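Novice:
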Amino acid sequence: MKRLITVLLGACLSMAAQADSADVLTVKEMVELTQYHRVGADRDPVLRGMSITKRIPKGWVDDVSERYIRTIVDDEGITRHQVLLEVRYVGGWRYYRAASLADGQELAFNAEERRFSRCSSAFLKCDQREVVTAELSHEQLKDAMTNGLAVYFDAKKPGRDTVAQFPPAYVLAYLIKLDGEDAVLPAGGETEKSKVVAINASR
């Protein structure tokens, strides 16, 4: 059994997530980049996965998006798992308004922030910034360890829908940090619990 777990860990560690910046990271490295932060006046802990950034050149300014998974505890003490998407662009508000999974299942959606982030006096134009979240259950995260996660954010502006994608290794690393020794690793279509000795989930 111990040997089987070692083999499974080796297979999982061999998986790599290719971010849009062409950086390839191992599961172990992604676990290390998944960290708790204390935010707000109450300094509540928030688990935040590593950020994946995408830049698309648009003339004199880049169209930039950043995405990551986070876990927060709301004011009612309920733990919530969310995909956060931040987009910065020029050319009129996109007004993101809904989120869903690839199979069409709707997710609880929230528009966290919408504002101008930077203005250029030379071109008299401002970058728009939108921050939105989609809520996931713990089971949905576990399901994504096999095929990865894709959350579709619907925009009111035609042609501006955005997909926030996360490879299986990213989700696995996140759950290792979230669940620690209770992390569940995929094994040939089934699941098996492991103490994840090779990956320091307590960091």
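Throughout the sequence shown, residue numbering follows mature numbering (1 follows the signal peptide of the UniProt record, and there is no 0), covering -19 to -1, 1 to 184 in sequence. Glycine included, every Cβ here is placed at the ideal spot set by N, Cα and C. For clarity, every value in this text was computed on a predicted model and none was experimentally measured.
To the nearest angstrom, how far is it from the Cα of G30 to the Cα of L159?
Specialist: Those two C-alpha atoms are separated by around 10 Å.
Novice: From N91 to L65, what does the alpha carbon distance come to, in whole angstroms?
Specialist: Between N91 and L65, the C-alpha separation is close to 10 Å.
Novice: Determine the DSSP secondary structure at P148, reduced to helix, strand or coil.
Specialist: If DSSP states are grouped into helix, strand and coil, P148 belongs with coil.
Novice: Go through the segment 8 to 77 residue by residue and report every complete run of the alpha helix (DSSP H) that reaches 4 residues or more, in order.
Specialist: With a minimum length of 4 residues, the continuous alpha helix (DSSP H) runs that stay inside the segment 8 to 77 are 8 to 14.
Novice: Would you tell me roughly how many angstroms separate the C-alpha atoms of A115 and D44, rounded to the nearest one?
Specialist: Cα to Cα, A115 sits roughly 21 Å from D44.
Novice: Helix, strand or coil for Q86? Go by DSSP, reduced to three states.
Specialist: Q86 falls in the coil class under three-state DSSP.
Novice: Can you have a look at A182 and say buried or exposed, based on whether 16 or more other CB atoms are within 10 angstroms of its CB?
Specialist: Note that A182 scores a pLDDT of 30, beneath 50, so its modelled location is shaky; the value from the coordinates is reported in the next line. So A182 counts as buried.
Novice: In this structure, does DSSP put D160 in helix, strand or coil?
Specialist: Three-state result, D160: helix.
Novice: Taking only the alpha-carbon atoms, compute the straight-line gap between A154 and T60 and give it to the nearest angstrom.
Specialist: For A154 and T60, the distance between alpha carbons rounds to 19 Å.
Novice: Taking the beta strand (DSSP E) that D135 belongs to, which residues open and close that run?
Specialist: Counting along the chain, the beta strand (DSSP E) containing D135 begins and ends at L130 to A136.
Novice: Assign Q63 to one of two classes, buried (16 or more other C-beta atoms within 10 Å of its C-beta) or exposed (fewer than that).
Specialist: Classification for Q63: buried.
Novice: Evaluate E57 with the Cβ neighbour count: other Cβ atoms within 10 Å of its Cβ, from every protein chain shown; 16 or more gives buried, anything less gives exposed.
Specialist: Exposed is the call here.
Novice: Check whether the Cβ atoms of Y77 and F147 sit closer than 8 Å, and answer yes or no.
Specialist: For Y77 and F147, no; Cβs fall outside 8 Å.
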